[in-house]
Amino acid sequence: MIEVIHPGWFSLIVDGGRYGYADYGVPSSAALDTFSYKMLNALLKNPSDAPAIEVIGNDFSLRIGTDMTCAITGAKVEAILSGELLQPWTSFRAQKGSILKVKSIFEGFRYYVGFSGTIGIEKIINSYSTNLECRFGGFKGRPLMKGDRFVLKEPREEKPDKIPVENIPDMKPPHVLRFLKGPEMKYFSPESLSRLFEKKASSWYNVSSKSNRTGIRLEGEPLVFKKDVEKSIISEGILPGTIQIPGDGLPIIMLHERTIGGYARLGVIIKADHDLLAHLKPKDAVMLEMVGPDL
Amino acid sequence: MEYQKYGEDGVRIVFGDAIDLVINENVRRYYSYLKSLNLKEVVDIMPSFSTCIIHFDSEAISFEKFVFYLTERESQINAFDIREPVIHEIPVVYGGSAGPDMGFVVSYTKLSEDEIIDLHTSTLYNVYTIGFMPGFPYLGTLDKRLYVPRLETPRVKVPKGSVGLAQLQTGIYTYESPGGWQIIGKTGAKLFDHTTEPYCLMNMGDKVRFVRA
Chain A
1 MIEVIHPGWF
11 SLIVDGGRYG
21 YADYGVPSSA
31 ALDTFSYKML
41 NALLKNPSDA
51 PAIEVIGNDF
61 SLRIGTDMTC
71 AITGAKVEAI
81 LSGELLQPWT
91 SFRAQKGSIL
101 KVKSIFEGFR
111 YYVGFSGTIG
121 IEKIINSYST
131 NLECRFGGFK
141 GRPLMKGDRF
151 VLKEPREEKP
161 DKIPVENIPD
171 MKPPHVLRFL
181 KGPEMKYFSP
191 ESLSRLFEKK
201 ASSWYNVSSK
211 SNRTGIRLEG
221 EPLVFKKDVE
231 KSIISEGILP
241 GTIQIPGDGL
251 PIIMLHERTI
261 GGYARLGVII
271 KADHDLLAHL
281 KPKDAVMLEM
291 VGPDL
Chain B
1 MEYQKYGEDG
11 VRIVFGDAID
21 LVINENVRRY
31 YSYLKSLNLK
41 EVVDIMPSFS
51 TCIIHFDSEA
61 ISFEKFVFYL
71 TERESQINAF
81 DIREPVIHEI
91 PVVYGGSAGP
101 DMGFVVSYTK
111 LSEDEIIDLH
121 TSTLYNVYTI
131 GFMPGFPYLG
141 TLDKRLYVPR
151 LETPRVKVPK
161 GSVGLAQLQT
171 GIYTYESPGG
181 WQIIGKTGAK
191 LFDHTTEPYC
201 LMNMGDKVRF
211 VRA
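In structure tokens, the structure reads:
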């Protein structure tokens, strides 16, 4: 048994994603930082699709009800297990009755907590991930709350392990996000695009506090539409990492919660930078850099 | 039909650039055929009004090879036996607390509530695509007299089952969610159930008729 003593600012159960049903409007709701999620399960010797907890904010705390191995990856945090300091991106043994607590985050935004064994929840449409908008999957379809308890099926004790420091990605702002040209890049005025590509102070954006798990909103110089184009498109499919530009010209980077969109798509963040999207905090400075053969 | 690159792991197939039944049927035919192949390289397919986006596994196949494969099979698509559309009858309670925007629609269209309901229930709509939320059908085309803009400020909460209008489309909210469509009624029909397969009541290309509950 594992009990949530404090859920942090926000925590929920995720896995690698709910794929294969986008034609029915079902988004993947996947863990936002794939590498951290995969390394978590590797440290724990878990199957690659085991459920994990994705957390934002400090004070996240659990009571461990069985002897097991735990691990934390993602944002670099200062965590303690019954008084003892833990290193980031390591697995560690936790005894029955011990308390795991994340005191502070010193780099990055989202971190992943997992256990050797399987969190006792059912898969919904082939996935453990929480679809927050529709309230299904994960733990009762909702974020974790104080007092929640879940079973750990087949808990194991594995040898403590660590990911070498040089393999832990850099998550410090300012962030440079590289992107490939999107289907509607031609909707924007050449002056507006060249301003974006100048890489001057004015082409930096800031992450808006209105960002959420559906999309990251950026604040700064708005993109300007050409005079003769419609500001929206006939709704069509979108992929994770798509940079949508609504009528106000301010970019929204779509994550894993939408299959269809009606806004112009300036570009698509390259896959190598997708995990970084999980670590964009409100106010962080962000630059969009176009790459690729279409430059 | 044109194949375009969309990011590193997307193919965007363009069938046209309009909300049109013939174009949409071509998208549906392509999507149905592709889905029947059950390719392990295909992660997800997102067919919509006039395009079909394929999310493929770029670690398993390159864009170029994948498009080559798709192009080679184009001739088989027309021979593919496509599923007959199903006609769904959806009962709706119109106006009152079930349709908080009926008053606006009356004043915008200058029609009476009865005329609006008669128009809304007299068209057999096409399911152009499903998305925005699981099971949400984008239905068209609405009678031109029912054209209304979206809400200027989207509602924070639109109840599940709400039936809305936006420009020349009508749709059904399958989950409570924020939204900007003008809500004229509500249905108790279950369009999506994440607990039981098949999860989704409708398929792209199905037809919908609304009836007074």
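From first to last, the protein sequence lines stand for chains A and B.
For the first sequence, our numbering puts the final residue at 295, and the numbers step up evenly by one.
For the second sequence, our numbering puts the final residue at 213, and the numbers step up evenly by one.
Cβ atoms here follow ideal geometry from the backbone N, Cα and C, with glycine treated the same way.
Closer than 8 Å, CB to CB, is residue i near chain B or not?
i, result
"D15 of chain A", "no"
"L239 of chain A", "yes"
"Y187 of chain A", "no"
"T259 of chain A", "yes"
"P183 of chain A", "yes"
"A264 of chain A", "no"
"G25 of chain A", "yes"
"A31 of chain A", "no"
"A22 of chain A", "yes"
"S235 of chain A", "yes"
"V268 of chain A", "yes"
"T134 of chain A", "It is Cys, not Thr, that sits at residue 134 of chain A in the sequence shown. Closer than 8 Å to some Cβ of chain B, the Cβ of C134 of chain A qualifies, so yes."
"Y128 of chain A", "no"
"I124 of chain A", "yes"
"K271 of chain A", "yes"
"Y19 of chain A", "yes"
Contact check, residue i vs residue j under 8 Å by CB: the rounded distance?
i, j, result
"E8 of chain B", "K172 of chain A", "Actually they are not in contact, since the Cβ atoms of E8 of chain B and K172 of chain A sit about 25 Å apart, beyond 8 Å."
"C134 of chain A", "P137 of chain B", "In fact, because the Cβ distance is near 15 Å, the residues do not count as touching under 8 Å."
"E3 of chain A", "V176 of chain A", "No, E3 of chain A and V176 of chain A are not in contact; Cβ-Cβ is about 41 Å, not under 8 Å."
"H6 of chain A", "R110 of chain A", "So it is not a contact: roughly 17 Å between Cβ atoms."
"Q182 of chain B", "V127 of chain B", "At roughly 20 Å, the Cβ-Cβ gap does not stay under 8 Å, so Q182 of chain B and V127 of chain B are not in contact."
"I80 of chain A", "K96 of chain A", "That belief does not hold up - the Cβ atoms of I80 of chain A and K96 of chain A are roughly 17 Å apart, past 8 Å."
"A22 of chain A", "M46 of chain B", "5 Å"
"K226 of chain A", "S194 of chain A", "About 14 Å separates the two Cβ atoms, so there is no contact after all."
Quick check on residue i: buried or exposed, where buried means 16 or more other Cβ atoms within 10 Å of its Cβ?
i, result
"R145 of chain B", "exposed"
"W89 of chain A", "buried"
"M1 of chain A", "exposed"
"Q76 of chain B", "exposed"
"W9 of chain A", "exposed"
"S50 of chain B", "buried"
"R212 of chain B", "exposed"
"K210 of chain A", "exposed"
"E122 of chain A", "exposed"
"S278 of chain B", "Past the boundaries of the shown model lies residue 278 of chain B; chain B is included only from 1 to 213, so the question cannot be answered."
"M254 of chain A", "buried"
"D118 of chain B", "exposed"
"G108 of chain A", "buried"
"L85 of chain A", "exposed"
"M102 of chain B", "buried"
"A18 of chain B", "exposed"
"V92 of chain B", "buried"
"R209 of chain B", "exposed"
"T129 of chain B", "buried"
"P27 of chain A", "buried"
"T187 of chain B", "buried"
Based on DSSP bridge pairs, tell me the residues matched to residue i.
i, result
"A79 of chain A", "A:L86, A:V102"
"P47 of chain B", "B:C52"
"F136 of chain A", "A:N131"
"I252 of chain A", "A:R217, A:Q244"
"A52 of chain A", "A:V14"
"P91 of chain B", "B:V211"
"W296 of chain A", "Here chain A covers residues 1 to 295 and nothing more, so residue 296 of chain A does not appear."
"G74 of chain A", "A:Y111"
Checking contacts by CB at 8 Å: is residue i closer than that to chain A?
i, result
"T196 of chain B", "no"
"S36 of chain B", "no"
"S162 of chain B", "no"
"V158 of chain B", "no"
"F49 of chain B", "yes"
"V43 of chain B", "yes"
"G205 of chain B", "no"
"T129 of chain B", "yes"
"E89 of chain B", "no"
"G188 of chain B", "no"
"P219 of chain B", "With chain B running from 1 to 213 in the structure shown, residue 219 of chain B is simply not present."
"Y199 of chain B", "yes"
Listing by chain order, which chain D residues have their CB less than 8 Å from the CB of residue i?
i, result
"V176 of chain A", "In the structure shown, chain D does not exist; the protein chains are A and B."
*Taking 8 Å as the threshold, find out whether the region 157-172 of chain A comes into contact with the region 67-79 of chain A through three or more Cβ pairs.*
yes
*If you pair each beta-carbon of the region 2-18 of chain A with each one of the region 119-139 of chain A, do three or more pairs fall below 8 Å?*
yes
*Are the region 31-51 of chain A and the region 257-264 of chain A touching, with three or more C-beta to C-beta distances below 8 Å?*
no
*Please determine if the region 147-157 of chain A and the region 21-34 of chain B are in contact, where contact requires at least 3 C-beta pairs separated by less than 8 Å.*
no
*Looking at C-beta atoms only, is the number of pairs between the region 224-234 of chain A and the region 182-193 of chain A that lie closer than 8 Å three or more?*
yes
*Just checking, does the region 192-203 of chain B make contact with the region 106-115 of chain B on the three C-beta pairs under 8 Å criterion?*
no
*Between the region 63-82 of chain B and the region 30-41 of chain B, do at least 3 Cβ pairs fall closer than 8 Å?*
yes
*Would you call the region 54-69 of chain B and the region 156-165 of chain B touching, i.e. three or more CB-CB distances under 8 Å?*
no
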